[in-house]
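What follows is a set of notes on a single structure, which appears directly below.
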Amino acid sequence: MVHGGAGGDGAGCHGHQHHQCSAKGSASAVQSLDELDFDRGIWSAAMNNECDRLRTLVARGHLHDRDSCGYTALHYAARHGHLEACCLLLTAGLGVDEVTKGGVTSLQRAAMMGRDAIVELLLANGANAAHRDADGRTALHRAAEGGHLRCCQLLVAHRADLRQIKDERNQKPFDLVRDHATDRDLLRCLLGVPEADGRGAASTTSS
Numbered sequence: 001m002v003h004g005g006a007g008g009d010g011a012g013c014h015g016h017q018h019h020q021c022s023a024k025g026s027a028s029a030v031q032s033l034d035e036l037d038f039d040r041g042i043w044s045a046a047m048n049n050e051c052d053r054l055r056t057l058v059a060r061g062h063l064h065d066r067d068s069c070g071y072t073a074l075h076y077a078a079r080h081g082h083l084e085a086c087c088l089l090l091t092a093g094l095g096v097d098e099v100t101k102g103g104v105t106s107l108q109r110a111a112m113m114g115r116d117a118i119v120e121l122l123l124a125n126g127a128n129a130a131h132r133d134a135d136g137r138t139a140l141h142r143a144a145e146g147g148h149l150r151c152c153q154l155l156v157a158h159r160a161d162l163r164q165i166k167d168e169r170n171q172k173p174f175d176l177v178r179d180h181a182t183d184r185d186l187l188r189c190l191l192g193v194p195e196a197d198g199r200g201a202a203s204t205t206s207s
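Position 97 of the sequence shown, counted from 1, bears residue number 97 in UniProt numbering, the numbering being contiguous throughout.
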């Protein structure tokens with residue numbers, strides 16, 4: 001399976017990286033069957049914002065189905081920025097904080113991809129912004145790493161203390177802002193809060 005490490009989820013088990021690891025023989029047969037299962041399942045409907053098909057699959061009892069890496073339909077809809085599909089799944093009763101085998105939530109997927117409307121929706125539906133994946137990273141870490149200013153603003157407005165959470169490598173969201181990020185200076189100003197006071201004035205140097 002294609003998977004972006006323990007916590008970082010890349011494109012998940014499917015998406016734009018449809019099983020590139022198997023090349024021939026029995027592995028190819030298993031790959032083809034797995035892809036067929038995915039394409040027929042609720043995950044592809046969510047990924048493609050096919051809401052009529054989503055409703056049909058939900059009615060048939062597939063709301064809580066997971067793919068082989070533990071992703072729910074909400075993970076796929078959130079990553080691809082499909083607001084209608086996300087609303088449909090949440091209204092149907094799919095948990096907002098369901099995690100993959102790598103501990104990744106839909107909020108983290110949305111933040112990683114800069115889907116600010118989805119981040120806002122998930123937070124409004126009670127998503128745990130302080131949840132840490134297997135790498136110890138929160139949604140704010142993922143948004144900062146991706147250079148997504150609006151997502152960072154939404155998350156900080158929701159919980160300012162997220163700026164102080166360190167991942168398994170002892171890094172705060174500030175430390176993950178890339179030098180070439182379009183909004184680098186704004187991101188560092190937003191995220192660079194002194195250690196002693198999470199509510200204090202912003203700093204442009206890492207603590």
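Idealized CB from N, CA, C, for every residue including glycine.
Being a predicted model, the structure only gives us computed values, none of them experimental.
- Cβ-Cβ separation between E168 and D135: approximately 5 Å, consistent with a contact (criterion under 8 Å).
- Of M113, A124 and C69, the smallest CA-CA separation from L90 is found for A124.
- Contact between L191 and C152 holds, with the beta-carbon distance rounding to 7 Å and staying under 8 Å.
- Its Cα nearest to that of A143, the residue L107 stands out among T56, L107 and Q164.
- D179: not part of any alpha helix (DSSP H); DSSP gives it neither H nor E.
- Secondary structure remark: continuous alpha helix (DSSP H) runs of at least 4 residues inside the stretch 97-132, in chain order: 106-113 and 116-124.
- With a threshold of 16 other beta carbon atoms within 10 Å, H75 meets it and is buried.
- I42 is positioned such that its CB atom lies closer than 7 Å to that of H62.
- Here E84 carries a helix assignment [DSSP, helix/strand/coil].
- For E168, the three-state secondary structure derived from DSSP is coil.
- Rounded to whole angstroms, the gap between the alpha carbons of C189 and F38 is 42 Å.
- In this structure, the beta-carbon distance from A127 to L155 does not fall below 7 Å.
- The beta carbons of L83 and A117 sit closer together than 7 Å.
- For G146, the enclosing alpha helix (DSSP H) covers residues A139 to G146.
- Our two residues, L186 and A78, have alpha carbons roughly 25 Å apart in a direct line.
- DSSP places T72 in the coil class of the three-state scheme, outside both helix and strand.
- Our two residues, R66 and R53, have alpha carbons roughly 17 Å apart in a direct line.
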